[in-house]
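What follows is a short report on a single structure.
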Amino acid sequence: MKRRTFFSGLARVAAVLGLGGLAGRLARRAQAGHTVWQIDPWKCTSCGKCATECVLELSAVKCVQFYDICGYCDFCTGYFEPQPNKLNTGAENQLCPTGAINRKFIEDPYYEYSINEPLCVGCAKCVKGCTLFGNGSFHLQIRHDRCLNCNECSIAKACPVQAISRVPAGKPYLFKTLEGKK
Amino acid sequence: MSDNEQLNRRGFLNAGLLATGGVAGWLSGCDQAPQSSAPKDRKPLDKRFTYDVSEYEKVDPAQLLFSEAGQIPTGLQTATCLAIGADDLLYVGGDQVIKVFGKDGQPRSAITLGEQPRAVVAAEQGRVFVAFKDHFEAFDAAGKSLLKSAALDAKAHLTGIAVAGEAVFVADAGNREVIRFEAQGQIAGRFGKLGGGDGNPGFIVPSPYFHLLAGADGLLWVANPGRHQVQAYMLEGKFELGWGQPAMCAEGFCGCCNPAYFARLPDGRFVTSEKGLVRIKVYDAKGKFLGMVAGHQQLVKHEQTLPVYRVACDSAGRVLALDPTTGNIRIFVPKENEPQRTQR
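Line by line, the protein sequences are chains A and B.
Taking the numbering used here, the leading residue of the first sequence gets 1, the next gets one more, and so forth.
Taking the numbering used here, the leading residue of the second sequence gets 1001, the next gets one more, and so forth.
What follows is the structure in structure tokens.
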């Protein structure tokens, strides 16, 4: 067999195999409807189990900030200890045990809060603080760049209020909009 | 299959490869294999990861200046507002109606509304002013509509209403300002917007809790929740004074934004209602903390649905608090005169 014949045959095999693979994958998705796991923020009680029940060492659940409903409060109860010494970024004043929340001055008296996701363990401590006193703009979501999308989600099994369910992959996040409130 | 239509080798291999690829693609389209559970040796989170304000939910019994003397069931599914008028008549709004109760708790009359009321205030001559999302309406004692203001912009979210003489003031949480209307319902002025150039500190309203009342002292008292203050303004909108500071302890206003509501006792003392840590407290006329009407553990039955109590005070110095979870008005009387329980 000539080298040219060998390589053209190989290319043909790869092309046909790839075409078949693509068709199979599309057929599978079309048949099943692709879904991913997500947390309903209106049901979540910030119990903290998301941090420890995920199969990943560092949970795929992270706090997210939904800016649309954030009050940009100077005294953010998701960022500060309940009774801080001062309203500044001193470590002793911060609520998050891993320092995963950034505070940035916008204009007097407003501050912007954002999540440093690699540091967030999904414990929901900040979510509870924000929800208890504020608008609840901090809430937990399963981040799909980390989630393995297990057939059976171990966090969903442990969730005490069944806040985790499958949602369409085309709309993988659930935010605290009024439309989503039951 | 005839001899002439024998499958050639190339066609056979193509079909086989296509099928193999299809099966592989189908399988790769599956979700991950089932995972059992998180590793058994994983330790639970320690208390550093737990949000705990339980120590602030407790109330020192020595600070409790009032005790509960009874409840008035209003029958409202969604109770939204509360006010007290002449003869201590109680006006309770919700379910698109204003219900009127006597001070004995007996129902007297009702005003049917076209939409959900957000705030209510009783004025002279039996008039009742009701704020809706973007406008207000006035009714006479018989419930006949006297006046309907023009609707404000789409961002308007009215949460408070007060009447001083012929002027009507509404607190607009959506636009974070107070709007003054003339007797005929035309806008006469606005004030308090942050950076509005009127020399005022600016209202900080992170959530839809923005209350105001007209005091007997001729001042308009407005809650500025983001600044944790109760502030006084001249009726034309000039800032006069403010008191209050952020703190979880009883003396201060808790969380990001409080007080949610407030009222005044006949002697000028303030009664404030907070959300988050649900508590009703008493301050003197200058804003010095005096004690509690009721604390979190007394006011909250279920932690998952934290109520925010509307408060009002009658001429006898009783504090009436509207429980939105039950629709009942809870009556608190000063401990020094803790006589008969009001029951129906």
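Note that beta-carbon positions come from the ideal geometry of N, C-alpha and C, so glycine has one too.
Next item on the list: Could you list which residues in chain B have their beta carbon closer than 7 Å to that of Cys73 of chain A, in chain order?
Entry: Chain B residues near Cys73 of chain A: Pro1206, Gly1226, Cys1256 and Cys1257.
Next item on the list: Check whether the Cβ of Phe138 of chain A lies closer than 8 Å to any Cβ atom in chain B.
Entry: The beta-carbon of Phe138 of chain A is placed no less than 8 Å from the nearest beta-carbon of chain B.
Check: Around the Cβ of Asp1153 of chain B, are there at least 16 other Cβ atoms within 10 angstroms (buried) or fewer (exposed)?
Finding: Sixteen is the threshold: since fewer than 16 other Cβ atoms of the shown chains lie within 10 Å of the Cβ of Asp1153 of chain B, the residue is exposed.
Next item on the list: With Ile155 of chain A as the anchor, note down where its alpha helix (DSSP H) starts and where it stops.
Entry: Residues Ser154 to Ala158.
Next item on the list: Under the assumption that His144 of chain A contacts Pro172 of chain A (Cβ atoms under 8 Å), give the Cβ distance between them as a whole number of angstroms.
Entry: The beta carbons of His144 of chain A and Pro172 of chain A sit about 5 Å from each other, so the pair counts as a contact at 8 Å.
Item checked: Range of the contiguous alpha helix (DSSP H) that encloses Lys128 of chain A -> That run of the alpha helix (DSSP H) goes Lys125 to Phe133.
Next item on the list: Run through the region 1155-1239 of chain B for me and flag every whole beta strand (DSSP E) of 3 or more residues, listed as ranges in chain order.
Entry: Within the region 1155-1239 of chain B, the complete beta strand (DSSP E) segments at least 3 residues long are 1158-1164, 1167-1172, 1177-1181, 1187-1191, 1212-1214, 1220-1224 and 1229-1233, listed from N- to C-terminus.
Note to self: What does the Cβ neighbour count give for Val161 of chain A, buried or exposed, with the cut at 16 atoms within 10 Å?
What the structure shows: The residue in question, Val161 of chain A, is exposed, as its Cβ has fewer than 16 Cβ neighbours within 10 Å.
Margin query: Would the region 79-95 of chain A count as touching the region 54-65 of chain A if we require 3 or more Cβ pairs under 8 Å?
Written below: In the pairwise beta carbon analysis, the region 79-95 of chain A is classified as not touching the region 54-65 of chain A: fewer than three pairs are separated by under 8 Å.
Next item on the list: Compute every distance between the C-beta of Asn85 of chain A and the non-hydrogen atoms of the ligand COA, then say whether any falls below 7 Å.
Entry: Of the ligands one can find in the structure shown there are none, so the ligand COA has no counterpart to examine.
Note to self: Against chain A, does Met1248 of chain B count as a neighbour if the rule is that its beta carbon must be under 8 Å from one of theirs?
What the structure shows: Any Cβ of chain A closer than 8 Å to the Cβ of Met1248 of chain B would place that residue at the interface, and such an atom is present.
Next item on the list: Taking only runs that begin and end inside the region 1059-1140 of chain B, name each unbroken beta strand (DSSP E) of 3 or more residues, in chain order.
Entry: Entirely contained in the region 1059-1140 of chain B, the beta strand (DSSP E) runs reaching 3 residues are, in chain order, 1066-1073, 1079-1084, 1090-1094, 1097-1101, 1107-1112, 1119-1122, 1128-1131 and 1136-1139.
Next item on the list: Quick one: measure Cβ to Cβ for Ala1162 of chain B and Leu1212 of chain B, integer angstroms, because I've assumed they're closer than 8 Å.
Entry: With 8 Å as the limit, Ala1162 of chain B and Leu1212 of chain B qualify as a contact, their Cβ atoms being about 5 Å apart.
Check: How close, in whole Å, do the beta carbons of Cys1249 of chain B and Phe75 of chain A come, if the pair is a contact with beta carbons under 8 Å?
Finding: Not quite, the Cβ-Cβ distance comes to about 14 Å (not below 8 Å), so this is no contact.
Check: Mind checking whether Glu1097 of chain B and Phe1136 of chain B have CB atoms under 8 Å apart?
Finding: Before going further, note that residue 1097 of chain B is Val rather than Glu in the sequence given. Against a cut-off of 8 Å, the Cβ pair of Phe1136 of chain B and Val1097 of chain B comes out as no contact.
Check: What residues match up with Ile142 of chain A in a beta bridge as DSSP calls it?
Finding: As DSSP reads the structure, Ile142 of chain A sits in a beta bridge with A:Val61.
Notebook entry, point to check: Under a CB-based cut-off of 8 Å, is Tyr1233 of chain B close to chain A?
Noted result: Output row for Tyr1233 of chain B: interface = no.
Next item on the list: Go ahead and pull the three-state DSSP assignment for Val16 of chain A.
Entry: Three-state DSSP puts Val16 of chain A in a helix.
Note to self: Out of B:Ala1167, B:Pro1307 and B:Pro1044, which one is the CA nearest neighbour of Leu1147 of chain B?
What the structure shows: Distance from the Cα of Leu1147 of chain B is smallest, within the candidate group B:Ala1167, B:Pro1307 and B:Pro1044, for B:Ala1167.
Next item on the list: Output the boundary residues of the beta strand (DSSP E) element that contains Ser114 of chain A.
Entry: Element bounds for Ser114 of chain A: Tyr110 to Ile115.
Next item on the list: Count the C-beta pairs between the region 1270-1280 of chain B and the region 1311-1323 of chain B that are closer than 8 Å, then say yes if the count reaches three, no if not.
Entry: Taking a cut-off of 8 Å for Cβ pairs, the region 1270-1280 of chain B and the region 1311-1323 of chain B touch, as three or more such pairs fall below it.
Margin query: Since Ala1216 of chain B and Pro1259 of chain B should fall inside the 8 Å C-beta cutoff, what is the C-beta to C-beta distance between them, to a whole number of angstroms?
Written below: That pair is no contact at about 20 Å.
Next item on the list: Kindly give me the distance between the Cβ atoms of Val1293 of chain B and Val1282 of chain B, rounded to whole angstroms, as I take these residues to be in contact under 8 Å.
Entry: Taking the Cβ atoms as the reference, Val1293 of chain B lies roughly 6 Å from Val1282 of chain B, within the contact range of under 8 Å.
Next item on the list: Mind checking the region 109-120 of chain A against chain B and listing, in chain order, the residues whose C-beta falls within less than 7 Å of any C-beta there?
Entry: So the list reads Pro109, given in the order they occur along the chain.
Check: Comparing alpha-carbon positions, which option in B:Gly1226, B:Phe1191, B:Gly1196 and B:Gly1218 lies nearest Pro1208 of chain B?
Finding: Considering only B:Gly1226, B:Phe1191, B:Gly1196 and B:Gly1218, the residue with the shortest C-alpha distance to Pro1208 of chain B is B:Gly1226.
Notebook entry, point to check: With distances taken from CA atoms, which of B:Gly1011, B:Ala1119 and B:Trp1221 is nearest Asp1095 of chain B?
Noted result: Asp1095 of chain B has its Cα closest to that of B:Ala1119, out of B:Gly1011, B:Ala1119 and B:Trp1221.
Next item on the list: Please list the segments of the alpha helix (DSSP H) lying wholly inside the region 1258-1343 of chain B, counting only runs of 4 or more residues, in order along the chain.
Entry: Here the runs fully enclosed are 1296-1299.
Next item on the list: List the whole-angstrom C-beta distance separating Leu119 of chain A from Gly134 of chain A, where the pair is believed to meet the contact cut-off of C-beta under 8 Å.
Entry: Beta-carbon to beta-carbon, Leu119 of chain A and Gly134 of chain A are separated by about 21 Å, too far to satisfy the 8 Å threshold.
Next item on the list: Would you grab the beta carbon distance between Ser1315 of chain B and Pro1266 of chain B for me? Rounded to a whole angstrom, and I think it's under 8 Å.
Entry: That pair is a contact at about 6 Å.
Check: Thr98 of chain A lies in the beta strand (DSSP E); which residues open and close that run?
Finding: That residue, Thr98 of chain A, is in no beta strand (DSSP E); it is neither H nor E in DSSP.
Margin query: In this structure, how does DSSP classify Lys86 of chain A when only helix, strand and coil are distinguished?
Written below: Reduced to three states, the DSSP call for Lys86 of chain A is coil.
Next item on the list: Using a cut-off of 7 Å between C-beta atoms, extract the partners of Gly1276 of chain B located in chain A.
Entry: Here the neighbours are Leu132 and Phe133.
Check: Within 8 Å (strictly less), CB to CB, does Thr1078 of chain B reach chain A?
Finding: Taking Cβ atoms only, chain A never reaches closer than 8 Å to Thr1078 of chain B, which makes this a no.
Margin query: Residues of chain A with CB closer than 9 Å to the CB of Thr1050 of chain B, please, in chain order.
Written below: Within 9 Å Cβ-Cβ: Gly48, Cys123, Lys125 and Lys128.
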